[in-house]
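Residue numbers (our numbering): 6 to 173. Here the structure is laid out as structure tokens; the discussion comes afterwards.
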């Protein structure tokens with residue numbers, strides 16, 4: 006076996022001094038401009054979150070009304086649950102949350118479906134369920150089929166979820 010002599014390897018690297026690594030680069034912004042951008046971004050995000058919270062609270066009545074409709078028992082024309090008679094009051098309560106009391110209280114029975122259709126895009130109370138709300142509110146006995154009630158419930162849910170929103 007042979008052993009290597011004293012300067013083994015590349016003789017040019019013998020006096021090479023290893024350099025030290027540079028200091029780590031900071032991830033924090035070094036100039037005041039970036040601080041201003043960060044503050045503006047934080048302000049914008051805070052404002053957006055605040056508006057979302059306000060909208061969420063403002064629409065609590067919609068969520069409550071839709072949950073109330075969901076808990077109604079299945080409609081049977083021969084045995085009407087008392088909850089179905091409260092649908093007109095539910096719609097009026099939802100209308101009072103969004104529109105002025107004077108405007109809502111001045112609506113006559115015959116104008117109610119037209120007013121509902123006017124204040125909600127794609128609402129069709131007048132065409133699909135005319136006089137059903139009036140019948141539910143005032144008639145001693147109901148002559149409403151299961152299909153008519155399902156249509157009325159669908160229109161009611163649509164109106165509660167979408168009334169008062171800006172139309173395109």
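Ideal Cβ placement from N, Cα and C applies to all residues, glycine included.
Rounded distance between the beta-carbons of residue j and residue i, thought under 8 Å
{"i": "residue 77", "j": "residue 61", "result": "25 Å between Cβ atoms; not a contact."}
{"i": "residue 167", "j": "residue 126", "result": "7 Å"}
{"i": "residue 162", "j": "residue 71", "result": "6 Å"}
{"i": "residue 121", "j": "residue 164", "result": "6 Å"}
{"i": "residue 118", "j": "residue 135", "result": "6 Å"}
{"i": "residue 45", "j": "residue 85", "result": "Contact doesn't hold; Cβ gap of about 58 Å is too wide."}
Alpha carbon of residue i to alpha carbon of residue j, nearest angstrom
{"i": "residue 173", "j": "residue 129", "result": "Model confidence at residue 173 stands at a pLDDT of 41, short of 50, so the residue's coordinates are unreliable and nothing is read from them."}
{"i": "residue 141", "j": "residue 59", "result": "34 Å"}
{"i": "residue 83", "j": "residue 152", "result": "13 Å"}
{"i": "residue 23", "j": "residue 30", "result": "21 Å"}
{"i": "residue 38", "j": "residue 112", "result": "57 Å"}
{"i": "residue 80", "j": "residue 157", "result": "11 Å"}
{"i": "residue 150", "j": "residue 105", "result": "33 Å"}
{"i": "residue 47", "j": "residue 68", "result": "30 Å"}
{"i": "residue 143", "j": "residue 137", "result": "10 Å"}
{"i": "residue 98", "j": "residue 55", "result": "26 Å"}
{"i": "residue 63", "j": "residue 170", "result": "13 Å"}
{"i": "residue 109", "j": "residue 100", "result": "7 Å"}
{"i": "residue 115", "j": "residue 57", "result": "37 Å"}
{"i": "residue 91", "j": "residue 123", "result": "22 Å"}
{"i": "residue 5", "j": "residue 36", "result": "In this structure the chain extends from 6 to 173, so residue 5 is not present and cannot be described."}
{"i": "residue 49", "j": "residue 41", "result": "12 Å"}
Limits of the alpha helix (DSSP H) - the one that residue i falls within
{"i": "residue 93", "result": "92-103"}
{"i": "residue 38", "result": "37-63"}
{"i": "residue 186", "result": "With the chain represented from 6 up to 173, any question about residue 186 goes unanswered, as that position is not in the structure."}
{"i": "residue 110", "result": "106-110"}
task = Entirely within the region 126-157 and at least 4 residues each: give me those alpha helix (DSSP H) ranges in chain order.
result = 130-133 and 137-143
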